[in-house]
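Taking it in order: structure first as structure tokens, then the write-up.
Here you go:
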């Protein structure tokens with residue numbers, strides 16, 4: 001019918017705008033059958049590049065040792081409720097993402113600007129380091145006014161908010177200091193609520209920026225005067241108790257406190273992130289970053305049974 005054709009054309013227009021927003025060049029064919037249009041591949045590419053705006057779980061930490069060295073690490077957990085393989089006791093999407101994990105070196109005029117760990121074909125940045133300047137990861141923040149709302153508003157034409165992973169990419173490309181990055185992450189309007197975990201290159205430069213789509217609720221920083229030598233974020237506001245069925249924060253913090261500041265290093269943080277349930281069936285990779293050396297190491301993970309599903 002005419003109305004059906006108009007509706008499908010409108011969806012096609014939205015998909016094209018999404019693709020342009022994602023800075024993708026995609027060739028696709030249009031097939032017709034009884035007035036129905038099937039847009040092959042474009043929809044999958046678009047969905048693949050916006051999934052982080054919707055739902056994921058993670059753990060990120062920034063820590064400072066006794067010599068003032070800053071370490072930043074994260075577990076990337078994704079795939080909750082997206083297919084459970086009963087036989088192998090794994091999340092289907094999580095296992096499909098693991099072979100796609102890549103480290104990328106972003107260069108300008110043959111000089112490295114920043115490095116990131118992500119998934120092949122994904123153009124945003126979830127985990128990144130600007131060597132000798134700052135490190136950055138992003139965790140999902142669950143909220144009623146969440147990513148679904150922001151994406152729906154974007155589809156309906158209200159496009160003043162920025163995609164989270166594109167903001168982190170822009171910050172890593174253009175910010176020249178910890179403070180500059182912090183300001184951009186705190187003030188830019190978003191499509192989805194988020195936690196930005198930021199590490200710098202000087203003492204006390206580590207923070208968790210708690211964001212709604214519109215405002216910054218809190219900036220929680222390392223403060224050695226208060227003996228706060230690390231900040232750790234999962235997916236819940238740090239001033240609230242985590243959901244009792246998803247408490248990765250408490251065991252992670254117990255491990256950090258047991259490790260102590262005197263013994264903190266990339267290796268010991270890796271051990272913390274390898275502790276169940278911080279490591280779980282959703283964990284696709286663990287990334288370790290050291291800003292002073294520009295080091296970025298990432299490891300595809302597997303959680304042997306018995307292991308929690310999240």
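Residue numbers (UniProt numbering): 1 to 310.
Backbone N, C-alpha and C fix where the C-beta goes; we use that ideal spot for every residue, glycine too.
Sixteen is the threshold: since fewer than 16 other Cβ atoms of the shown chains lie within 10 Å of the Cβ of residue 239, the residue is exposed. Contact check for residue 115 and residue 101: beta-carbon distance about 14 Å, past the 8 Å limit, so the pair fails to qualify.
In the DSSP assignment, residue 105 falls outside any alpha helix (DSSP H) and lies within the beta strand (DSSP E) extending over 101-108. In chain order, 75, 273, 301, 303 place their CB closer than 7 Å to the CB of residue 279, counting only its own chain and leaving out the 5 sequence neighbours on each side. Segment contact: the stretch 276-294 against the stretch 114-130, three or more CB-CB distances shorter than 8 Å; contact assigned. One Cα belongs to residue 305, the other to residue 86, and the distance between them is close to 13 Å. Secondary structure at residue 292: coil, using DSSP grouped into helix, strand and coil. Secondary structure at residue 269: helix, using DSSP grouped into helix, strand and coil.
For the 8 Å CB-CB criterion, residue 213 and residue 192 form a contact. The secondary-structure analysis by DSSP pairs residue 196 across a beta bridge with 138, 209.
The beta carbon of residue 171 is closer than 7 Å to those of 136, 181, 184, 185 in its chain, skipping five residues each way along the sequence. In the DSSP assignment, residue 174 falls within the alpha helix (DSSP H) that extends over 164-174. Look at residue 59 here: in three-state DSSP terms it is strand. When Cβ pairs closer than 8 Å are counted between the two stretches, the stretch 55-75 is seen to touch the stretch 223-236, the count reaching three or more. Remark: C-beta atoms of residue 234 and residue 276 do not approach each other more closely than 8 Å. Taking 8 Å as the upper bound for CB-CB distance, residue 195 and residue 228 are not in contact here, some 17 Å apart. Using a Cβ distance threshold of 8 Å, residue 118 and residue 49 do not count as a contacting pair.
The shortest CA-to-CA distance from residue 68 to any of 259, 204, 250 is the one to 204.
Assigned with DSSP and collapsed to three states, residue 219 falls in strand. Take the alpha-carbon of residue 245 and the one of residue 255: they are about 19 Å apart. Of the residues 57, 59, 60, 70, the one whose Cα lies closest to the Cα of residue 261 is 70. Excluding its 5 nearest sequence neighbours in each direction, residue 143 has C-beta neighbours in its own chain below 6 Å: 193, listed in chain order. Listed as beta-bridge partners of residue 91 by DSSP are 84. Per the C-alpha coordinates, the member of 219, 263, 200 positioned closest to residue 176 is 200. Annotation: the continuous beta strand (DSSP E) that includes residue 115 extends over 111-119.
Less than 8 Å divides the Cβ of residue 189 from the Cβ of residue 162.
Contact annotation, residue 80 with residue 282: C-beta distance approximately 6 Å; criterion of less than 8 Å satisfied. In the three-state DSSP reduction, residue 153 falls in the helix class (H, G or I). Distance from the CA atom of residue 207 to the CA atom of residue 72, rounded to whole angstroms, is 11 Å. Looking at the backbone, the Cα of residue 174 and that of residue 263 are separated by about 34 Å. Relative to the Cα of residue 139, the nearest Cα in the group 58, 231, 268, 269 belongs to 58.
Here the alpha carbon of residue 94 sits roughly 29 Å from the alpha carbon of residue 113.
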